[in-house]
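Chemist: Positions in the sequence shown are counted from 1; adding 7 to them yields my numbering. Before we start, here is the structure in question, set down as C-alpha cells.
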Amino acid sequence: MLRDGCRFCGTLLQHVFLDLGMSPLANSYLKAHQLNQMEPFYPLRAFVCERCLLVQLEEFESPDHIFSDYAYFSSFSDVFLQHAKDYVDMAVERFSLSAKSYVVEIASNDGYLLQNFVARGIRVLGIEPAKNVAEVAVKKGVPSCVKFFGTQTARELVAEERRPDLIIGNNVLAHVPDLNDFVGGLKILLAPEGIITIEFPHLMHLMGLNQFDTIYHEHFSYFSLTTVNQVFAKHGLTIFDVDEISTHGGSLRIYARHDEHHSKPVTERLMALKKKEEIQGFATLAHYLSFSEKARETKRALLEFLIRAKREGKSVVAYGAAAKASTLLNYCGVRQDFVDYLVDRSTYKQGHWLPG
C-alpha cells in the first residue's frame, strides 16, 4: 500500500532520508522447501517529512501480513526479561499500583512483561496481533486479546472493561502504519488519571551511532522526542517525562497523561532533552538529509573487511539472526560467499534461512 503523504501530518513526502535498496521482509525466515521459490523484495526507502520531520517508510505490506505469524519472542532475550522486571518494579512503586489497579500492554508479545504484574496479583490484559505469540502468553497466565490496536479496539475495550490505570507500549509505536489511529486509541482507552509509558528507539542514537540496520519494513516510523511530542499533543495527550534507556542501541521511554490531568507537571529532564535535540539539528531538514552517506561508508567498510577475511582463507560466522542482520546483509549484498552461517538462540529461528 503506497502512501504519498506523511502518516502523521499528510504532507507530500519528497525528501529521502536513506535508500537501502530492495529488501525482503526482515522477519520472513525461510524453510528449506522455500529456498528455490521466488522471494518478494520491496523498496526499503525512508523519507523525512519537511513539515513535521517524522522519518518514515512507505507501506508496501499490510501489518496483517507482517505480524500474523511472527518469529520474534521477547522471552528469548535475557536482557529484555530483566528490563521488563526492572520496569515493573519501577512502575509499581512510582504509580502506586496494587491489586486494585488495571494494566494493559499493547504488543504484549509472549507475556514477558505482564507476567511480572500477574505475579504481584495485579489485573492485566495483553493486546497482541500475532496469534502464535499470544498463545504463549496465555499459557503463562497472561490474558491476551489477539487484535491490532487503534480507536476501534479502544472503544470496544472501554465498552467491555474499565479503563486502565497504566497503558504500556514497548517497541510498538514504530510498527504502527496509522499513527493517528493508534495514539487516538490511547486517548480513548486511558483512565482519566491514568499514565501511558511508551518505549521506542531514539532517532538521535540511530543517526549519531549510524544504526541504519534498525530500519526495516516492520518499522514504519522513527522518532525523535520532538516528533513524538507533536503526535501525542495532537490527540490531547501530554508527554510529561522521559527516560533515556539502553535497549535497542539507545531508546526513550516517554510518560504521558491526558492534557486535562495537571497533577503531573512536565519535568526539567524532558525539556533538557528537547533542547539537546534542537542543538543537534533535529528541528532542521538539512540535518536529516546528511545521514545517508554514513550508511554508504559502513557498507564499503564491511565489504572491505569480508573480502580481506575471505582472501586470507578465514571463515566468517554471524551471531544473532535478528531483523537488523537482514537489513545489513541485504543492503551490503552479503550472501553465503562471505558469511558461512548464522547462529541464534531462538528455537523459532533455528533451522531456517535468513531472508534474502
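Glycine included, every Cβ here is placed at the ideal spot set by N, Cα and C.
Short of 8 Å in beta carbon distance, which residues of its chain neighbour GLY256, apart from the five on each side in sequence? Order them along the chain.
Modeler: Here residue 256 refers to the residue found at position 249 of the sequence shown. PRO208, HIS212, LEU213, LEU216, GLN218 and THR221, listed in sequence order.
Chemist: To test your reading of the DSSP string, which unbroken alpha helix (DSSP H) runs of 4 or more residues are found completely within the segment 110 to 183?
Modeler: Taken in chain order, the unbroken stretches of alpha helix (DSSP H) that lie wholly in the segment 110 to 183 and span 4 residues or more are 121 to 126, 138 to 146 and 158 to 167.
Chemist: According to DSSP, which residues form a beta bridge with TYR428?
Modeler: With the chain running from 8 to 363 in the structure shown, residue 428 is simply not present.
Chemist: In the structure shown, what three-state DSSP assignment does GLY28 receive?
Modeler: Along the sequence shown, one-based indexing puts residue 28 at 21. Of the three classes helix, strand and coil, the one that applies to GLY28 here is strand, per DSSP.
Chemist: Can you name the residues that DSSP bridges to ASP248?
Modeler: As a working note, residue 248 is residue 241 in the sequence shown. Note: ASP248 is bridge-paired with TYR262 in the DSSP secondary-structure output.
Chemist: In angstroms with no decimal places, state the Cα-to-Cα distance between ASN116 and ALA126.
Modeler: Position 109 of the sequence shown, counted from the first residue, corresponds to residue 116. Position 119 of the sequence shown, counted from the first residue, corresponds to residue 126. Approximately 17 Å between the Cα atoms of the pair.
Chemist: What is the DSSP secondary structure of GLY358, reduced to helix, strand or coil?
Modeler: To locate residue 358, count along the sequence shown from 1; it is residue 351. Reduced to three states, the DSSP call for GLY358 is coil.
Chemist: Measuring only the C-alpha atoms, how far is VAL323 from VAL341?
Modeler: Position 316 of the sequence shown, counted from the start, is the residue given in the question as residue 323. Position 334 of the sequence shown, counted from the start, is the residue given in the question as residue 341. Taking the straight line joining both Cα atoms gives about 11 Å.
Chemist: Would you identify the three-state DSSP class for ASP11, choosing helix, strand or coil?
Modeler: Here residue 11 refers to the residue found at position 4 of the sequence shown. Coil, per DSSP.
Chemist: Could you give the C-beta distance for PHE189 and GLN63, rounded to a whole number, given that I count them as a contact under 8 Å?
Modeler: Mapped onto the sequence shown, residue 189 falls at position 182. Mapped onto the sequence shown, residue 63 falls at position 56. The pair is not a contact, with the Cβ atoms about 14 Å apart (cut-off 8 Å).
Chemist: Mind checking ALA137: buried by the 16 CB within 10 Å criterion, or exposed?
Modeler: Numbered from 1 along the sequence shown, position 130 holds the residue referred to as residue 137. Classification of ALA137: buried, given that the 10 Å Cβ count is 16 or more.
Chemist: Going by DSSP in three states, GLY307 sits in which element: helix, strand or coil?
Modeler: The sequence position of residue 307 within the sequence shown is 300, counting from 1. Note on residue identity: the sequence assigns Arg, not Gly, to residue 307. The answer is helix: DSSP assigns ARG307 an H, G or I state.
Chemist: Taking Cβ to Cβ, would you say LYS92 is nearer than 8 Å to ASN123?
Modeler: Here residue 92 refers to the residue found at position 85 when the sequence shown is read from its first residue. Here residue 123 refers to the residue found at position 116 when the sequence shown is read from its first residue. Yes, the pair counts as a contact, with Cβ atoms nearer than the cut-off.
Chemist: Expressed to the nearest angstrom, what Euclidean distance is found between the alpha-carbon atoms of LYS283 and LEU25?
Modeler: Indexing the sequence shown from 1 puts residue 283 at position 276. Indexing the sequence shown from 1 puts residue 25 at position 18. When rounded, the distance between both Cα atoms is 23 Å.
Chemist: Residues in the same chain with beta-carbon distance under 6 Å from ARG14, minus the five sequence neighbours each way, listed in chain order, please.
Modeler: Along the sequence shown, read from residue 1 onward, the residue named residue 14 stands at position 7. Around ARG14: GLN63 and LEU186.
Chemist: Taking C-alpha atoms, which residue in GLY201, ILE286 and GLU251 lies nearest to SER270?
Modeler: For the purposes of this step, residue 270 is taken as residue 263 along the sequence shown, with counting starting at 1. Looking at the Cα atoms, GLY201 is the closest of the given residues.
Chemist: In or out: ASN236 buried (at least 16 other Cβ within 10 Å) or exposed?
Modeler: To locate residue 236, count along the sequence shown from 1; it is residue 229. The residue is buried, with at least 16 neighbouring Cβ atoms inside 10 Å.
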